[in-house]
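Each remark here refers to the structure printed beneath this line.
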Amino acid sequence: MGEPNKLESLNSIQTDKLKAIGAGGEADLKSRFVKYVPKRTKMRMSATDKLISVIVYVTYALLAFVCVYPFYYIFINTISNNEMSAKGKVFLVPIGFHLTNYAKVAKIEGLVRAAEVSVARTVVGTILTVVVAAFLGFMFTRESLWHRKLWFRFVAATMYFNAGIIPWYLTMRNLGLTNNFWGYIFPVAVQPFYIILCKTYVESVPSELQDAAEIDGAGTMTVFFRIILPVIKPIIATIAVFAAVAQWNSFQDTLLLVTDKNLYTLQFTLYNYLQSADSLASLVNSSTSVDSMAQLLATASTNTSIRMTVTMVVVTPIMLVYPFFQRFFTKGIMVGAVKG
Amino acid sequence: MQGMKRRGLTKKQIRGYREFLYILPFLLLVLIFSYYPLYGWVYAFFDYRPPAPLSASKFVGFKWFVYMVENPTRLKKLLEVLRNTFAISGISLFFSWFPMVFAIFLNEIKCVPYKKFVQTVTTLPNFISWVLVFSVAFTIFNGDGVISNLAVNMGWIDRPVNYLLNSDHMWFKMWLWLTWKNAGWAAIMYLAAITGIDEELIEAAKVDGASRMKIIWHITIPGILPTYFVLVMLNLASFLNNGMEQYFVFRNQFNSDYINVLDLYVYDLSREIGGYPLSTAFSILKSIVSITLLFATNWISKKIRGTSII
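Those protein sequence lines, which keep their order, are chains P and G. Numbered according to my numbering, the first sequence terminates at residue 340, and the numbering increases by one at each position without gaps. Numbered according to my numbering, the second sequence terminates at residue 1310, and the numbering increases by one at each position without gaps.
Here it is as structure tokens:
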């Protein structure tokens, strides 16, 4: 029971120190204390607790392994000798390092084009979605907006119903958005979830900021661009990541809307490779003739390597960007969770 | 400060109208892409065969709705699809505690760098597409995949085996992949809820000599139970909506009997000749049931917790 008293005495020592150096008043002292985190109450670990600790550490190591190893495996196989790869000998370190798989993949007809399409839709789609989310999120906080509640519900309600594949497809066809790059962009531009995230975040910004600007004569747009936008950068970063990932991973819209090979995305192209590799592999397993078997094996092993290389190409952007943004959205989501 | 009155409109009102004009383009987008497609429901009541326009098609009322239960083959297929959907959603619901437990014990890790590492790594699968997940599955379980090669090299089996062509325990396997992809991400929400638990409660318990398991059982779990409840209710509301992508990429001729879920079936119907009306009829029914479920779970939430979820 001596602990709480220790905390208090530590705090008072800090207070005295600050007073001594002539630090500011109450508010100043309080703000400095936000950084000071008292040590946890120490407790003796029982045997069960220690056992649980061990189990926890080991279990999570396994879970982490299960999440990472598949990607590591694919990666080392794409830079290893293809035959060794097909035999399954490459599982710890690369064997027979070479980069020709990537060179081959770069030459595959249509793959470069698919990459361009994927990148283009990710960039354009993300920009539009983020702008819409930030702008609408802000506008729905404006008291003056005509029938604000009505329009907000109008937009938010779309989260809860879905017209279905066929009606959606027919709409897109009537609008001329099939086999059209903008069919990837416009339908997903307005996302109620992101708008709500932004709206909640804007509501947490002190209204004095907006009020002061308005007294100085700023119009709605000026307030948005000059005051709000700089302040809500964290949530914008969060939404940008979500939107970008959604665009990059998008598969169903290509499947439903697009028959023109020039508009295929990387995801769709990868899916096609997986399908052809599948049929090839089952041919290998069931084939009896030695000659054709060897031939098929040769094709299959290259096919496997190509498939894995394309997988790496599709997954790498996400793996590169992800760790950097992870801290952004954990924060952003938690703010949203607390407020919402 | 009084707004200057000018012909009955205050400055604020004028600004209000102008702001509405600013958002009007986006409201139109919502109208076109979310509300207008609902008009497409009308196609379920016609004998619509493209490329003939709707006006040239015969109105048939509820023919297609009746057809889906009267025709024996269709009915059998429908029941099978519903069975799959219920099984997969049911398993998901049954194991819905998994992300919560994942988060609780993740929180128990004292070493912060290790904790952050595990969290980062386990949320990674959430950000890859289902096509990529299938590619990973293919790499591991295919005839020339990790498991098969390991088994052959260890001498456990003689010939390579393609585990993906195996239709045993399909629903459980689908749940496993779904969990591999989503658990880490869902855990973030629970972790946020855990940090919201009053520190003093935990300190008091420690001072009273509570072991870690006791703290988890008596403080942590009750603390995040509201979050869990909301998520279970939302899961319940989307019981029929399994999504289509996961099952589409994993489907092959061997497992299709078990993997066809409602969303995928609706897609398959749309691929059939003259299948638009039937597919649309299913979409309509599915939407009605989903909305009903949503209101039902919302009502349950109000009764039990006193707050609604929408």
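Glycine is no exception: its CB is placed at the ideal position from the N, C-alpha and C atoms. Remember, it's a predicted structure, so these values are computed and weren't measured experimentally.
Which of helix, strand or coil DSSP assigns to F1329 of chain G
The question about residue 1329 of chain G has no answer here: the residues shown for chain G are numbered 1001 through 1310.
Check the Cβ-Cβ distances between W1047 of chain G and every residue of chain P, and say whether any is below 9 Å.
By one-based count along the second sequence, residue 1047 of chain G stands at place 47. Trp is not the amino acid found at residue 1047 of chain G; the sequence shown has Asp there. By this cut-off, D1047 of chain G is not an interface position.
Chain P contact residues for Y1276 of chain G, given Cβ-Cβ distances below 7 Å
Reading the second sequence from its first residue, position 276 is the one you call residue 1276 of chain G. Correct list: I166.
With 16 other CB atoms within 10 Å as the buried threshold, where does I228 of chain P fall?
Taking the first residue of the first sequence as position 1, residue 228 of chain P is located at position 228. I228 of chain P is buried by the Cβ-count criterion.
In three-state terms, what does DSSP make of L1294 of chain G?
Locating residue 1294 of chain G in the second sequence gives position 294, where the first residue counts as 1. Three-state result, L1294 of chain G: helix.
Which residue or residues does DSSP assign as beta-bridge partners of F186 of chain P?
Within the first sequence, numbered from 1, the residue matching residue 186 of chain P stands at position 186. Answer is none; F186 of chain P lacks a bridge partner.
With 9 Å set as the bound, which would you pick, yes or no: does the beta-carbon of M1244 of chain G sit closer than that to a beta-carbon of chain P?
Stepping through the second sequence from its first residue, residue 1244 of chain G is reached at position 244. Yes, because at least one Cβ of chain P sits closer than 9 Å to the Cβ of M1244 of chain G.
Quick check: T254 of chain P and F268 of chain P, are their CB atoms within less than 9 Å of each other?
Taking the first residue of the first sequence as 1, we reach residue 254 of chain P at position 254. Taking the first residue of the first sequence as 1, we reach residue 268 of chain P at position 268. Yes, they are a contact pair.
Limits of the unbroken alpha helix (DSSP H) element including E1272 of chain G
By one-based count along the second sequence, residue 1272 of chain G stands at place 272. Taken as a continuous stretch (DSSP letters only), E1272 of chain G belongs to no alpha helix (DSSP H), as it is neither H nor E.
In chain P, which residues lie less than 7 Å from R1212 of chain G when you measure between Cβ atoms?
Position 212 of the second sequence holds residue 1212 of chain G. The contacting residues are D49, I52.
With DSSP collapsed to three states, give me the class of L1164 of chain G.
Stepping through the second sequence from its first residue, residue 1164 of chain G is reached at position 164. Of the three classes helix, strand and coil, the one that applies to L1164 of chain G here is helix, per DSSP.
Express the C-alpha separation of L145 of chain P and F1020 of chain G in angstroms, rounding to a whole number.
Sequence index remark: in the second sequence, residue 1020 of chain G carries index 20 (1-based). Sequence index remark: in the first sequence, residue 145 of chain P carries index 145 (1-based). Taking the straight line joining both Cα atoms gives about 6 Å.
When you compare only the Cα positions, how much space is there between Y1265 of chain G and N1255 of chain G?
As a working note, residue 1265 of chain G is residue 265 in the second sequence. As a working note, residue 1255 of chain G is residue 255 in the second sequence. If I take the Cα positions, the gap works out to 14 Å.
Find the residues of chain G that neighbour W151 of chain P, judging by a C-beta separation of less than 8 Å, and give them in chain order.
Reading the first sequence from its first residue, position 151 is the one you call residue 151 of chain P. Those within 8 Å of W151 of chain P in chain G are F1020, I1023, L1027.
Members of the stretch 1136 to 1152 of chain G near chain P, C-beta cut-off 9 Å
V1136, A1137, F1138, T1139, I1140, N1142, G1143, D1144, G1145, V1146, S1148, N1149, L1150, V1152
Identify the contact partners of T1280 of chain G in chain B, using a Cβ-Cβ distance below 7 Å as the criterion.
Considering every chain present, this structure includes no chain B. Its protein chains are P and G.
Collapsed DSSP secondary structure at F1059 of chain G in the structure displayed:
Taking the second sequence and counting its residues from 1, the one referred to as residue 1059 of chain G is at position 59. If DSSP states are grouped into helix, strand and coil, F1059 of chain G belongs with the strands.
Segment limits, alpha helix (DSSP H) that includes D1158 of chain G:
Your numbering for residue 1158 of chain G matches position 158 in the second sequence. Unbroken run through D1158 of chain G: none, as it is neither H nor E.
Whose CA, out of P:K87, P:I79, P:I236, P:V205, lies closest to the CA of T100 of chain P?
The sequence position of residue 100 of chain P within the first sequence is 100, counting from 1. The candidate whose alpha carbon is nearest that of T100 of chain P is P:I79.
Look up L1234 of chain G in the DSSP assignment and say whether it is helix, strand or coil.
As a working mapping, residue 1234 of chain G is identified with position 234 in the second sequence. DSSP places L1234 of chain G in helix when its eight states are reduced to three.
I want to see whether chain G comes within less than 9 Å of T288 of chain P, judged by CB atoms only; does it?
Position 288 of the first sequence, counted from the first residue, corresponds to residue 288 of chain P. Low confidence applies here, because T288 of chain P scores a pLDDT of 44, under 50, leaving its location unreliable; read the following figure in that light. Chain G contact via Cβ: absent.
Thinking F1141 of chain G and L274 of chain P are a contact (beta carbons under 8 Å), I'd like their distance in whole angstroms, please.
Locating residue 1141 of chain G in the second sequence gives position 141, where the first residue counts as 1. Locating residue 274 of chain P in the first sequence gives position 274, where the first residue counts as 1. The pair is not a contact, with the Cβ atoms about 13 Å apart (cut-off 8 Å).
Whose C-alpha, out of G:I1023, G:T1307, G:I1300, G:G1306, is nearest the C-alpha of H362 of chain P?
Outside the shown range of chain P, which is 1 to 340, sits residue 362 of chain P, and nothing can be said about it.
Taking C-beta to C-beta, are L63 of chain P and T1123 of chain G nearer than 9 Å?
Indexing the first sequence from 1 puts residue 63 of chain P at position 63. Indexing the second sequence from 1 puts residue 1123 of chain G at position 123. For L63 of chain P and T1123 of chain G, no; Cβs fall outside 9 Å.
Comparing C-alpha positions only, which one of P:L175, P:G219, P:I235 sits nearest to I1014 of chain G?
Taking the first residue of the second sequence as 1, we reach residue 1014 of chain G at position 14. Among P:L175, P:G219, P:I235, the Cα nearest to that of I1014 of chain G is on P:G219.
Return the chain-ordered list of same chain residues with a C-beta closer than 6 Å to the C-beta of Y201 of chain P, the five sequence neighbours on each side being excluded.
Within the first sequence, residue 201 of chain P is the residue found at index 201, counting from 1. Cβ neighbours of Y201 of chain P beyond the five flanking positions: I232, I235.
If I measure Cβ to Cβ from Y1193 of chain G and keep anything under 6 Å in the same chain, skipping five residues before and after, which residues do I get?
Translated into positions along the second sequence, residue 1193 of chain G becomes position 193. Sequence inspection shows Ala at residue 1193 of chain G; the Tyr mentioned does not correspond to that position. Counting only Cβ-Cβ distances below 6 Å, and skipping sequence neighbours, we find I1224, T1227.
Cut-off 6 Å between Cβ atoms - residues of its own chain near W1041 of chain G, not counting five sequence neighbours on either side:
As a working mapping, residue 1041 of chain G is identified with position 41 in the second sequence. Once the five neighbours on either side are set aside, the close Cβ partners of W1041 of chain G are I1284.
Do Q247 of chain P and G137 of chain P have their CB atoms nearer than 9 Å?
Here the question's residue 247 of chain P lines up with position 247 in the first sequence. Here the question's residue 137 of chain P lines up with position 137 in the first sequence. Cβ distance not < 9 Å, so Q247 of chain P and G137 of chain P don't count as in contact.
Flag this pair as touching only if the stretch 1208 to 1224 of chain G and the stretch 1049 to 1063 of chain G have three or more C-beta atom pairs under 8 Å; answer yes or no.
no
Span of the alpha helix (DSSP H) around K261 of chain P:
Position 261 of the first sequence, counting from 1, holds the residue named residue 261 of chain P. K261 of chain P -> no alpha helix (DSSP H), and no H or E assigned at all.
Complete runs of the beta strand (DSSP E) confined to the stretch 44 to 76 of chain P [at least 3 residues]
none
Could you compute how far the alpha carbon of L1150 of chain G sits from the alpha carbon of L1236 of chain G?
Sequence index remark: in the second sequence, residue 1150 of chain G carries index 150 (1-based). Sequence index remark: in the second sequence, residue 1236 of chain G carries index 236 (1-based). If I take the Cα positions, the gap works out to 40 Å.
Taking T141 of chain P as the query, report the chain G residues whose CB atoms sit under 8 Å from its CB, ordered along the chain.
The residue given as residue 141 of chain P occupies position 141 in the first sequence. Neighbours of T141 of chain P on chain G: none; closest Cβ ~11 Å, over 8 Å.
Let's test the definition: count the other Cβ atoms within 10 Å of the Cβ of Y1039 of chain G and tell me whether it reaches 16, buried, or not, exposed.
Translated into the one-based positions of the second sequence, residue 1039 of chain G becomes position 39. With fewer than 16 Cβ atoms within 10 Å of its Cβ, Y1039 of chain G is classed as exposed.
In whole angstroms, what separates the C-alpha of A47 of chain P from that of A1187 of chain G?
One-based indexing of the first sequence puts residue 47 of chain P at position 47. One-based indexing of the second sequence puts residue 1187 of chain G at position 187. Using only the alpha carbons, I get a separation of about 28 Å.
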